[in-house]
DNA sequence: TAGACAAGCGGACTTTGGTCCGCTTATGCT
DNA sequence: AGCATAAGCGGACCAAAGTCCGCTTGTCTA
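Chains as they are written, first to last, in my numbering: chain A, 1 to 200; chain B, 1001 to 1200.
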């Protein structure tokens, strides 16, 4: 009876044991390949072979390459997500919107600097992938809430997140713009775009 | 003698007659294919075949698919570029920075609305292609000049151009956000980010 | 006009993401 | 335990971008 209720509550009703085993096998294989050969070694065929599964299995589990890479990043990103929802201010709730936004971008840029190539892969793998990744939707909601008193928080949140796009920052780095300068520019734009008063 | 001087002045010293002929053949073929079958019909193989040249020739002339599509867009974009440099204010020189920036985005969004899929293709075809297209560099310079009194005009110009990214606006349209709302959001962000006083 | 040489050409080949479909197997029910 | 069934599996197959290299051809000079 209880089990029944629990099962109804879950979105994905169940995942077969072999499916779950393969999921983690694939993720571990991808991690290993990336650790050894960087982003260039992360071809779907190679991951499938290293995991000892068929290529179709990888696509079945993760949808596309972007999904696979996103899953790889998921764990680290989740840490930041929790800090935003449950953590102490200014990252977590309690501080004024502008400060929270600044703290978010500060933390996110640190995360991005550490995983730039993987994030780039996950955002670039297929056109528009960026916006479909779960994390993007999450950050977007977060920022839109912080801008709730603006005329179009939804659009503004997209604009703000544009500053964190991997391809932009990859390009900036390639042009010799360092992370410190990027941070300063982002902070300045956040100040101009996010109202300091609102504090949800 | 004069010819010699002229030849020194050109960047690309010369283009062989057959090369030039093939360039226009390829562009015409691409135009035709796009007119008939939209963006889906624009594969490099198809373009090469339609133009009656080898695939290698297409890549030799245009570098990659992104370059080919950019060349297709070049003509229409050039119109806007000239209006920005030589045209009447507020798009052309003479108006205050903020108004020029607003006028630019207004004009660019019109252009984008008309060619969204082609622009999307040119920006997406290869990762980072967006920033390498000649037009991007041009717009970037333009906006950076308009923000010359800001702490980091270069970075700010990139942020501003992020609002015009094809993939973002494609996503917004897919989410049901119309062009009018996009325009309003962009205008509002421009107002917040571009200093009204500066007028180069 | 002839000859040298760089620029150009073409299409077979490689790489890689993604699809498809017939076979296998875990799971839940009786 | 045995069965029905849907989920899962694998790898052959496809599409499309981009590379390579031996052959061709325009162009410049003598």
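Positions of the beta carbon are idealized from the N, C-alpha and C atoms, including for glycine.
In whole angstroms, what separates the C-alpha of residue i from that of residue j?
i	j	result
residue 141(A)	residue 75(A)	19 Å
residue 1204(B)	residue 1118(B)	No answer is possible for residue 1204(B): it lies beyond the span of chain B, which begins at 1001 and ends at 1200.
residue 1113(B)	residue 52(A)	47 Å
residue 1030(B)	residue 1050(B)	8 Å
residue 1043(B)	residue 166(A)	27 Å
residue 1123(B)	residue 1186(B)	20 Å
residue 11(A)	residue 1026(B)	Any reading at residue 11(A) must be qualified, since the residue scores a pLDDT of 42, below 50, and its modelled position is unreliable; the value itself is stated next. Approximately 50 Å, taken between the alpha carbons.
residue 206(A)	residue 164(A)	This structure gives no information on residue 206(A), because the portion of chain A shown stretches from 1 to 200.
residue 84(A)	residue 1059(B)	47 Å
residue 1188(B)	residue 1168(B)	17 Å
residue 1017(B)	residue 1048(B)	18 Å
residue 1045(B)	residue 45(A)	25 Å
residue 14(A)	residue 61(A)	13 Å
residue 170(A)	residue 116(A)	7 Å
residue 1133(B)	residue 176(A)	19 Å
residue 178(A)	residue 1158(B)	15 Å
residue 20(A)	residue 93(A)	35 Å
residue 1009(B)	residue 38(A)	With a pLDDT of only 42 at residue 1009(B), under 50, the local geometry of the prediction cannot be trusted, and no value is derived from it.
residue 32(A)	residue 24(A)	12 Å
residue 87(A)	residue 138(A)	16 Å
residue 1180(B)	residue 125(A)	30 Å
residue 1152(B)	residue 36(A)	38 Å
At a cut-off of 7 Å, is residue i close to the ligand HEM when judged by its beta-carbon and the heavy atoms of the ligand?
i	result
residue 16(A)	Within the structure as shown, the ligand HEM is missing, as the structure has no ligands at all.
Strictly below 8 Å CB to CB, what residues from chain B border residue i?
i	result
residue 167(A)	1127, 1128, 1130, 1131
residue 162(A)	1159, 1162, 1163, 1165, 1168
residue 181(A)	1152, 1155
residue 177(A)	1154, 1155
Which same chain residues, not among the five before or five after residue i, have their C-beta less than 7 Å away from its C-beta?
i	result
residue 194(A)	97, 98, 101, 146, 147
residue 1055(B)	1044, 1045, 1048
residue 172(A)	182
residue 1156(B)	1147, 1150, 1193
residue 4(A)	Confidence at residue 4(A) is low in this model, with a pLDDT of 39, below 50, so the placement of that residue is unreliable and no value is reported for it.
Tell me where the alpha helix (DSSP H) around residue i begins and ends.
i	result
residue 1067(B)	1065-1086
residue 60(A)	55-62
residue 1153(B)	1153-1162
residue 1172(B)	1166-1174
residue 150(A)	Residue 150(A) -> no alpha helix (DSSP H), and no H or E assigned at all.
residue 1208(B)	Nothing can be reported for residue 1208(B): it is not among the residues displayed for chain B, which extend from 1001 to 1200.
residue 33(A)	17-37
residue 1187(B)	1179-1193
residue 1014(B)	Counting along the chain, residue 1014(B) falls outside any alpha helix (DSSP H), and DSSP gives it neither H nor E.
residue 133(A)	Run containing residue 133(A): none; DSSP gives neither H nor E here.
residue 48(A)	44-51
Starting from the C-beta of residue i, find all residues in its chain whose C-beta is less than 6 Å away, skip the five residues before and the five after it, and write them out in chain order.
i	result
residue 1160(B)	1143
residue 1154(B)	1144
residue 57(A)	22
residue 191(A)	none
residue 1068(B)	1062
residue 1070(B)	1122, 1133
For residue i, go through chain B and note every residue whose CB falls closer than 9 Å to its CB, in chain order.
i	result
residue 68(A)	Neighbours of residue 68(A) on chain B: none; closest Cβ ~17 Å, over 9 Å.
Name the chain B residues that come within less than 7 Å of residue i, Cβ to Cβ?
i	result
residue 170(A)	1128
residue 149(A)	Those do not exist, as residue 149(A) stays about 13 Å from chain B at its closest Cβ, beyond 7 Å.
residue 187(A)	Near residue 187(A) there are no residues of chain B at all, since even the closest Cβ is about 10 Å away, more than 7 Å.
residue 57(A)	What residue 57(A) touches in chain B: nothing, since even the nearest Cβ is about 26 Å away.
residue 135(A)	None at all; the shortest Cβ gap to chain B is about 15 Å.
Might you give, ordered along the chain, the residues of its own chain that have their beta carbon closer than 8 Å to the beta carbon of residue i, omitting 5 neighbours on each side?
i	result
residue 136(A)	130, 161
residue 1028(B)	1051
residue 1002(B)	Since pLDDT at residue 1002(B) reaches only 39, below the 50 mark, its modelled position is unreliable, and no value is offered.
residue 1091(B)	1083, 1084, 1100, 1103, 1104, 1107
residue 34(A)	41, 42, 72, 118
Strictly below 8 Å CB to CB, what residues from chain A border residue i?
i	result
residue 1097(B)	The premise fails here: residue 1097(B) is roughly 14 Å from chain A at the closest Cβ pair, so nothing lies under 8 Å.
Counting beta carbon pairs with one atom in the region 1078-1089 of chain B and one in the region 1103-1112 of chain B, are three or more of them shorter than 8 Å?
yes
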